[in-house]
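And the structure:
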């Protein structure tokens, strides 16, 4: 069992991870070549970039190549972060289209062949999988070719691909207890999930944030965020309770997501109340967090990791449209520690705004939630994982 796993082994805190890495770094001066694969959503891409940045911090000479799925958002986000990426023509199984699934075996085989070529050309010391379509073919090829692999599993419920890849992985980095039901116990290390450091750097930024969103420092503010793509339930819930929010003279920073923004702006018309700030995407997450008194959010693992660090009262509304309802499991890990409020997706349209306004008026509950969520923070997960990557290259 790893030393870090011993440090983190606390069953009472499902999200409490490694605070400081104390791994030996034999050969840290040697530049490694690392492939990081996966993506599809911000919840996979941002941790991947955080791990890459931590590896470069350990040794600026480290060479990093990303492998993603062609046409997915990693093909844009990764180059924007300064890294090279190669795309695989891979897709997931389509529940609603048998015809599209006919192409899956062909695309999978083609992606494995391309992954083998990428590995032969790049000659990595290790390959890291963060989840998403591309991680399957790449890590499978790496395992067959004898390249050490590491899996970074963000959620409390592991997907089919990661469970399969975990059989050969040298290390599986997780954020939740109980993951031995998915992976070999001896190779699990509890590290927490990497966060975007720039997103949680909120100290002293409240006034700057309120100026950006043209809001008043004399009024309370709710931040509503459904992730990079938005969340239909959250948008419907805020729309349904908009009159209550305006009547309470409360401000809202409302991130709608790309697919909903135009429709919501059309519904609201030109005369949007000055208390309501509607945005498609939050380019400065740090300022959005800094402005908020209460946060309404989905319960993706990466989002939860950031919420723990910023230490503000949050209401979690887990998405039901995920494998094995893992967002609900993620959320309940906080709820059982009195670290977050909870509203079920099916109840949100009727109850969410009322819950948020009640929380805004309950300073004692706000303090309890803030204190408890802060105790679950894991701000150095990226560094811990990066050192584990170095470790598996040392031991290979």
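Numbering (this note's numbering), first residue to last: 6 to 401. The beta-carbon is built from N, C-alpha and C at its ideal position, and this holds for glycine as well. Please read these numbers as outputs of a predicted model, since none were measured by experiment.
How many whole angstroms separate the CB atoms of residue i and residue j, which I take to be in contact at a CB cut-off of 8 Å?
{"i": "residue 155", "j": "residue 175", "result": "6 Å"}
{"i": "residue 337", "j": "residue 381", "result": "So it is not a contact: roughly 13 Å between Cβ atoms."}
{"i": "residue 205", "j": "residue 314", "result": "4 Å"}
{"i": "residue 251", "j": "residue 280", "result": "6 Å"}
{"i": "residue 192", "j": "residue 290", "result": "At roughly 33 Å, the Cβ-Cβ gap does not stay under 8 Å, so residue 192 and residue 290 are not in contact."}
{"i": "residue 295", "j": "residue 211", "result": "5 Å"}
Rounded to the nearest angstrom, what separates residue i and residue j at their Cα positions?
{"i": "residue 292", "j": "residue 391", "result": "28 Å"}
{"i": "residue 159", "j": "residue 188", "result": "13 Å"}
{"i": "residue 358", "j": "residue 122", "result": "52 Å"}
{"i": "residue 163", "j": "residue 246", "result": "35 Å"}
{"i": "residue 32", "j": "residue 282", "result": "Reliability of the predicted coordinates at residue 32 is poor, the pLDDT of 42 falling under 50, and the value obtained from them is presented with this limitation in mind. Distance between the alpha carbons of residue 32 and residue 282 is about 51 Å."}
{"i": "residue 275", "j": "residue 269", "result": "11 Å"}
{"i": "residue 140", "j": "residue 354", "result": "36 Å"}
{"i": "residue 186", "j": "residue 120", "result": "29 Å"}
{"i": "residue 136", "j": "residue 157", "result": "7 Å"}
{"i": "residue 361", "j": "residue 368", "result": "12 Å"}
{"i": "residue 350", "j": "residue 208", "result": "32 Å"}
{"i": "residue 248", "j": "residue 178", "result": "45 Å"}
{"i": "residue 409", "j": "residue 365", "result": "This structure cannot settle anything about residue 409, because the visible part of the chain is limited to 6 through 401."}
{"i": "residue 286", "j": "residue 95", "result": "27 Å"}
{"i": "residue 111", "j": "residue 325", "result": "31 Å"}
{"i": "residue 243", "j": "residue 318", "result": "18 Å"}
{"i": "residue 197", "j": "residue 310", "result": "8 Å"}
{"i": "residue 91", "j": "residue 73", "result": "6 Å"}
{"i": "residue 181", "j": "residue 352", "result": "27 Å"}
{"i": "residue 399", "j": "residue 50", "result": "26 Å"}
{"i": "residue 85", "j": "residue 232", "result": "19 Å"}
{"i": "residue 8", "j": "residue 219", "result": "In this prediction, residue 8 has a pLDDT of 36, which is less than 50 and means its spatial position is unreliable; what the coordinates show is noted afterwards. Approximately 49 Å, taken between the alpha carbons."}
{"i": "residue 16", "j": "residue 271", "result": "Residue placement at residue 16 is poorly supported in this model, since its pLDDT is 33, which falls under 50; the coordinates are not used for a value here."}
{"i": "residue 194", "j": "residue 59", "result": "18 Å"}
{"i": "residue 376", "j": "residue 312", "result": "12 Å"}
{"i": "residue 216", "j": "residue 278", "result": "17 Å"}
{"i": "residue 335", "j": "residue 256", "result": "28 Å"}
{"i": "residue 116", "j": "residue 273", "result": "45 Å"}
{"i": "residue 190", "j": "residue 329", "result": "21 Å"}
{"i": "residue 118", "j": "residue 320", "result": "45 Å"}
Going by CA-CA distance only, name the one from the options that's closest to residue i.
{"i": "residue 88", "options": "41, 350 and 117", "result": "41"}
{"i": "residue 69", "options": "132, 48 and 114", "result": "132"}
{"i": "residue 346", "options": "118, 372, 326 and 330", "result": "372"}
{"i": "residue 79", "options": "66, 47, 62 and 94", "result": "47"}
{"i": "residue 134", "options": "170, 399 and 324", "result": "170"}
{"i": "residue 238", "options": "257, 113 and 322", "result": "322"}
{"i": "residue 263", "options": "50, 320, 240 and 173", "result": "240"}
{"i": "residue 370", "options": "218, 81 and 344", "result": "344"}
{"i": "residue 71", "options": "63, 124 and 65", "result": "124"}
{"i": "residue 378", "options": "195, 327, 397 and 308", "result": "308"}
{"i": "residue 37", "options": "153, 50 and 64", "result": "64"}
{"i": "residue 327", "options": "320, 304, 348 and 397", "result": "304"}
{"i": "residue 152", "options": "39, 86 and 165", "result": "39"}
{"i": "residue 333", "options": "210, 76, 143 and 161", "result": "161"}
{"i": "residue 93", "options": "277, 60, 348 and 144", "result": "144"}
{"i": "residue 138", "options": "166, 267 and 82", "result": "166"}
{"i": "residue 76", "options": "62, 45 and 265", "result": "45"}
{"i": "residue 43", "options": "203, 190 and 83", "result": "83"}
{"i": "residue 316", "options": "356, 265, 363 and 374", "result": "374"}
Report buried or exposed for residue i, applying the criterion of at least 16 other Cβ atoms within 10 angstroms of its Cβ.
{"i": "residue 149", "result": "exposed"}
{"i": "residue 306", "result": "buried"}
{"i": "residue 35", "result": "exposed"}
{"i": "residue 260", "result": "buried"}
{"i": "residue 235", "result": "buried"}
{"i": "residue 341", "result": "exposed"}
{"i": "residue 30", "result": "With a pLDDT of 42 at residue 30, under the threshold of 50, the modelled position of that residue is not reliable, and no figure is offered here."}
{"i": "residue 129", "result": "buried"}
{"i": "residue 184", "result": "buried"}
{"i": "residue 331", "result": "buried"}
{"i": "residue 223", "result": "exposed"}
{"i": "residue 221", "result": "exposed"}
{"i": "residue 288", "result": "exposed"}
{"i": "residue 114", "result": "exposed"}
{"i": "residue 214", "result": "buried"}
Does the stretch 212-229 come into contact with the stretch 285-305, if we say contact requires no fewer than three beta-carbon pairs (one atom in each stretch) closer than 8 Å?
yes
Between the stretch 368-388 and the stretch 43-59, do three or more beta carbon pairs fall short of 8 Å?
yes
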